[in-house]
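Q: Just dropping this structure here.
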Amino acid sequence: MRVRPIYRLASLLLCVGAFFVASPAMAKACETLAAGSSQIVFSGWSGPKLPVFVHKPQTAGANSRILFVMHGVNRDGDRYRDEWRDLADKHDLIIVVPTFGRADFPTTDSYNFGNILDKDGRKNPQAKWSFSAIEPLFDNIVCRIAGNQKGYALYGHSAGGQFVHRYVAFANAPRLESAIAANSGWYTMPDDRAFPYGWGGNVDGLVSAEKALQRRLTILLGTEDIDRNDPNLRINEQADKQGLTRFERGHGFLAAARKLAGRNMPLGWKIAYAPGIAHDNGGIAPFAIPHLLSSATRTSTPDAVDAGKSAIANLGLRKDITAAMATIVELERDWAIQRLIELTEIPAPPFEETARGLAFARMLREIGGLDVKIDEVGNVIARRRGSGAGSAVMVAAHLDTVFAKDVDVTVKRNGDRFTAPGIGDNSRGLVSLLLVAKALARHNIGTERDILLVGTVGEEGTGDLRGMRHIFAQAGHGIGSVIAIDGGEMGRLIDTAVGSNRYRVKFTGPGGHSYGAFGTVNPHHATARAIARFLDRAEPVAASGTKATYSVASLAGGLGINVIPTDSAFEIDLRSSDANRLSALDSILRSAIDATLTNENAGKEQGQLLAVEIKDLGKRPAGTNVIGSPLVAHAEVALSYLGIEPSRNASSTDANLPMSLGIPSITISRGGISERSHSADEYWIAKDQHLGPQAALLIGLLEARVANEERVQK
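Residue numbers (mature numbering (1 follows the signal peptide of the UniProt record, and there is no 0)): -27 to -1, 1 to 687.
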């Protein structure tokens, strides 16, 4: 039977009406969530009513991030909210703390185990799991703020951290965007052991390993959460297999996940550190922020690469650019060699770069078209004015070498091979910079952005990047990207900064006879114990993830075989391209030294107390280039254009400093072949050396943008 249109419409309206009646979210309007801190009651799930402590910043809007914060064993949601309040206001986070009180959730099984099993070990209905409150509570909060949020983040500390890491494994949480489990006491391991110590037993089959391991989970560990006597730390055979402290157990948890993932499953889990923090939610919370916000990455976006390819193709069509490239080849024959020899034969150890700086400044002025100045610390800065506004592009090479002033730096030539200390690192880098300046000037190539051609002081050793530090501490330079010229091998593109912290640690005591004064504090014993303490705790930090290293480089002290020494010293080098890991190693070292000092003095039987001095021998910040920056893509397409396969690397160069400040920065090759750097028989070979300055020219022009439209005639 044919249905008339009017009846069709009526039927449709009835269906729509039925939907509105059937949908609880639509049937009852949400109460508006007021700005500031407040408490609401949530009943929109199958479990008991939950008190929920919330904080909504005054500036929060429909797109503010929603963060669920899971409380610890004391079930004190109000305290957790209050400890997150300032961070919420600063970072535009809406804090939501559902509180699982002891009346309805009396045990760890019912709260941080997820209430998956009842007291007899039988599976509860999923709707009754404590995990199942989160998704509908998210809907409720979105409704209350009239929000547009499509997902949420989840953070928990201590017992809350246990809730979070189990939630990642067991919960049906399609809108979970990221999770942070901080200072969990112990873990449900990703293996087949019986629950709650593993994913097996009565919960077997409830976890999709592939799904769980792909979720974004940060295991956040306080480096000082190492108290074995904490009454809330579970101590039994199963828990101790994971490690003896919360710090150790977190590493064991990630190691088990890596083992399960193997080579077949992607792993979205990682460890991060809260240096100097023990078992303290308020102390560790600020360290969670970077993992809630967008993460840095080394990957060039496809758009940036495509744009770079198009731009490099356009540069290749310009006759002024092709002429500039040819000029570099021409000048390499004699002009560049003359300047290489002159600069190399001027000694320039750190803090004594003045003479070389003056010569380099003169060479830049001879090129013309540059505003050349020498700043207060000795940096040579030549500004080439652009036609428009915008930040400047800095192209830099360091003036200093590692060699003392009295080292013979006379250049010896044998065909295309030039031998002298510092000739490659970094006299050749300075010459490459001069070649870029000369090619731009000869062909009058204009750019939209200013280009700064800079010879920096203090890149090597004890110089500690003092030239770069000074430049970026001054207002007025307006630098938006940095290209450092300091690499040896063509194609080696340094886009990640390896940071380093270096110290000399010296214990001092009264000394005495090895037999007669036995019981007096012994600085050598303190050195040994401090190093051992550090190594025990540093090992898991370096075991996986972004490379982190440590090396006790030297030992000193002592007067004789039968003498308790008055002093004992060691030097130590810490390195990583991950600033968080480097900071963690630093904190662990200081903690080991402090604990050793306390214990040694507590155990002395006679004499004066032991003392310690930590001397800073130099620090270089770590860093990476953030996603969306075109600089790395520009470097890759420029090198490819020259027929060179780019290879990304991590190292320690002048680019460390700007990279650590979030300024796009790279280091590229100086051209030619450099060998035996930092040795008396260092040499440089003039082979395909033009490729270094040509790459610097092209990358610089891609960054600074060529101002006019002159092209090659076809």
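Every residue, glycine too, gets a C-beta built ideally from N, C-alpha and C. Model, not experiment: these values are computed from the prediction.
Along the chain, where does the alpha helix (DSSP H) that runs through residue 283 open and close?
A: Taking the first residue of the sequence shown as 1, we reach residue 283 at position 310. It spans 275 to 289 - the alpha helix (DSSP H) in which residue 283 sits, taken as one unbroken run.
Q: In this structure, how does DSSP classify residue 22 when only helix, strand and coil are distinguished?
A: By 1-based counting over the sequence shown, the position of residue 22 is 49. Residue 22 falls in the coil class under three-state DSSP.
Q: Using the C-alpha atoms, what's the distance from residue 569 back to residue 508?
A: Looking up residue 508 in the sequence shown gives position 535. Looking up residue 569 in the sequence shown gives position 596. Roughly 13 Å between the two C-alpha positions.
Q: Considering only the beta carbon of each residue, do residue 580 and residue 483 sit closer than 9 Å?
A: The residue labelled residue 580 in the question sits at position 607 within the sequence shown. The residue labelled residue 483 in the question sits at position 510 within the sequence shown. Against a cut-off of 9 Å, the Cβ pair of residue 483 and residue 580 comes out as a contact.
Q: Where in the stretch 574 to 660 do unbroken runs of the alpha helix (DSSP H), each at least 4 residues long, occur, reported from the N-terminal end onward?
A: Qualifying alpha helix (DSSP H) stretches, in chain order: 603 to 614, 629 to 633.
Q: With distances taken between CB atoms, is the gap from residue 461 to residue 647 smaller than 9 Å?
A: Taking the sequence shown and counting its residues from 1, the one referred to as residue 461 is at position 488. Taking the sequence shown and counting its residues from 1, the one referred to as residue 647 is at position 674. Yes, the pair counts as a contact, with Cβ atoms nearer than the cut-off.
Q: Taking just the CA atoms, how far does residue 630 sit from residue 617?
A: Within the sequence shown, numbered from 1, the residue matching residue 617 stands at position 644. Within the sequence shown, numbered from 1, the residue matching residue 630 stands at position 657. So the two alpha carbons sit approximately 27 Å from each other.
Q: Whole angstroms is fine: what's the gap from residue 603's alpha carbon to residue 624's?
A: Start at 1 with the first residue of the sequence shown, and residue 603 comes out as number 630. Start at 1 with the first residue of the sequence shown, and residue 624 comes out as number 651. Straight-line Cα distance between these residues: approximately 20 Å.
Q: Can you tell which of 128, 260, 324 has its C-alpha closest to the C-alpha of residue 435?
A: Locating residue 435 in the sequence shown gives position 462, where the first residue counts as 1. The residue with the shortest Cα to Cα distance from residue 435 is 324.
Q: Quick one: using the 10 Å Cβ neighbour count with 16 as the cut-off for buried, is residue 692 buried or exposed?
A: In this structure the chain extends from -27 to 687, so residue 692 is not present and cannot be described.
Q: Buried or exposed for residue 128, please, with buried defined as at least 16 other CB atoms from any protein chain shown within 10 angstroms of its CB.
A: On the sequence shown, position 155 is the one that residue 128 refers to. Flag for residue 128 reads buried.
Q: Do you know offhand how far residue 61's Cα is from residue 36's?
A: Against the sequence shown, residue 61 aligns to sequence position 88. Against the sequence shown, residue 36 aligns to sequence position 63. Near 14 Å, if we compare the C-alpha coordinates of residue 36 and residue 61.
Q: Report the rounded CA-to-CA distance for residue 467 versus residue 620, giving the unit in angstroms.
A: Taking the first residue of the sequence shown as position 1, residue 467 is located at position 494. Taking the first residue of the sequence shown as position 1, residue 620 is located at position 647. Roughly 8 Å separates the two Cα atoms.
Q: Leaving out the 5 sequence neighbours to the left and right, which residues in its chain are closer than 8 Å to residue 674 when beta-carbon positions are compared?
A: Within the sequence shown, residue 674 is the residue found at index 701, counting from 1. Within the same chain, residue 674 has close Cβ partners 288, 294, 418, 420.
Q: Is residue 102 helix, strand or coil by DSSP?
A: Taking the sequence shown and counting its residues from 1, the one referred to as residue 102 is at position 129. Residue state, collapsed to three classes: coil.
Q: Tell me the start and end of each unbroken beta strand (DSSP E) in the stretch 135 to 163 that is at least 3 residues and wholly inside, in chain order.
A: For the stretch 135 to 163, whole beta strand (DSSP E) runs of length 3 or above, ordered along the chain, are 149 to 155.
Q: Between 125, 246, 120, which lies nearest to residue 708 when the distance is taken from Cα to Cα?
A: The structure shown has nothing for residue 708, since the chain only spans -27 to 687.
Q: Where does residue 29 fall in DSSP's three states?
A: By 1-based counting over the sequence shown, the position of residue 29 is 56. In this structure, residue 29 counts as strand in the three-state DSSP scheme.
Q: If you count every other CB in all the chains shown that lies within 10 Å of the CB of residue 56, and 16 or more means buried, which is it?
A: Counting from 1 along the sequence shown, the entry for residue 56 is found at position 83. By the neighbour-count rule (16 or more Cβ atoms within 10 Å), residue 56 is buried.
Q: Are the CB atoms of residue 599 and residue 557 nearer to each other than 9 Å?
A: Here residue 599 refers to the residue found at position 626 of the sequence shown. Here residue 557 refers to the residue found at position 584 of the sequence shown. For residue 599 and residue 557, no; Cβs fall outside 9 Å.
Q: Using a Cβ-Cβ cut-off of 7 Å (strictly less than) and excluding sequence neighbours within five positions of residue 477, which residues of its own chain qualify?
A: Locating residue 477 in the sequence shown gives position 504, where the first residue counts as 1. Excluding residues within five positions, the ones whose Cβ falls inside 7 Å are 542, 544, 588, 590.
Q: Mark residue 383 as exposed unless 16 or more other C-beta atoms lie within 10 angstroms of its C-beta, in which case mark it buried.
A: Counting from 1 along the sequence shown, the entry for residue 383 is found at position 410. Classification for residue 383: exposed.
Q: Note down, in chain order, each residue of its chain lying with its Cβ closer than 7 Å to the Cβ of residue 100, except the 5 sequence neighbours on either side.
A: Within the sequence shown, the letter at position 127 stands for residue 100. Within the same chain, residue 100 has close Cβ partners 19.
Q: Label residue 578 either buried or exposed according to how many other C-beta atoms from any shown protein chain fall within 10 Å of its C-beta, with 16 as the threshold for buried.
A: Mapped onto the sequence shown, residue 578 falls at position 605. Result: exposed.
Q: Could you give the C-beta distance for residue 250 and residue 244, rounded to a whole number, given that I count them as a contact under 8 Å?
A: Numbered from its first residue, the sequence shown carries residue 250 at position 277. Numbered from its first residue, the sequence shown carries residue 244 at position 271. The pair is not a contact, with the Cβ atoms about 14 Å apart (cut-off 8 Å).
Q: Please identify the residue among 81, 68, 149 whose C-alpha is closest to the C-alpha of residue 54.
A: Locating residue 54 in the sequence shown gives position 81, counting from the first residue. Of 81, 68, 149, the residue nearest in Cα terms is 68.
Q: In chain order, what residues of the same chain lie with their CB nearer than 8 Å to the CB of residue 187, ignoring the 5 residues before and after it?
A: For the purposes of this step, residue 187 is taken as the residue at position 214 of the sequence shown. Correct list, in chain order: 238, 239, 240, 241.
Q: Between which residues of its own chain and residue 609 is the CB-CB distance below 6 Å, once the five residues before and five after are set aside?
A: Mapped onto the sequence shown, residue 609 falls at position 636. Same-chain partners within the cutoff: 619.
Q: Quick one: Cα of residue 46 to Cα of residue 168, how far?
A: Along the sequence shown, read from residue 1 onward, the residue named residue 46 stands at position 73. Along the sequence shown, read from residue 1 onward, the residue named residue 168 stands at position 195. Taking the straight line from one Cα to the other gives about 20 Å.
Q: CB-CB under 8 Å to residue 269, same chain, minus the five flanking residues each way: which ones, in chain order?
A: Within the sequence shown, the letter at position 296 stands for residue 269. Its pLDDT being 38, under 50, residue 269 is placed unreliably in this model, and the value from its coordinates should be taken loosely. 597, 598, 599, 600.
Q: Just the Cα atoms here: how many angstroms apart are residue 138 and residue 181?
A: As a first step, residue 138 must be located in the sequence shown, where it is residue number 165. As a first step, residue 181 must be located in the sequence shown, where it is residue number 208. If you take the alpha carbons of residue 138 and residue 181, they lie about 14 Å apart.
Q: Could you tell me if residue 183 is buried or exposed, where buried requires 16 or more neighbouring beta carbons within 10 angstroms of its beta carbon?
A: Taking the sequence shown and counting its residues from 1, the one referred to as residue 183 is at position 210. It counts as exposed.
Q: Kindly indicate if chain D contains any beta-carbon less than 9 Å away from that of residue 654.
A: Judged by its chain identifiers, the structure shown contains no chain D, having just a single protein chain.
Q: Just reading off the alpha helix (DSSP H) that residue 405 is part of, what are its end residues?
A: The count along the sequence shown starts at 1 and reaches residue 405 at position 432. Start and end: 402 to 415.
Q: Which stretch, first to last residue, makes up the alpha helix (DSSP H) that contains residue 496?
A: Residue mapping note: residue 496 aligns to position 523 of the sequence shown, counting from 1. Here the alpha helix (DSSP H) through residue 496 covers 496 to 516.
Q: Mind the definition here: the stretch 379 to 396 touches the stretch 294 to 303 only if three or more C-beta pairs lie below 8 Å; say whether that holds.
A: Touching, no, given that fewer than three Cβ pairs across the two stretches are closer than 8 Å.
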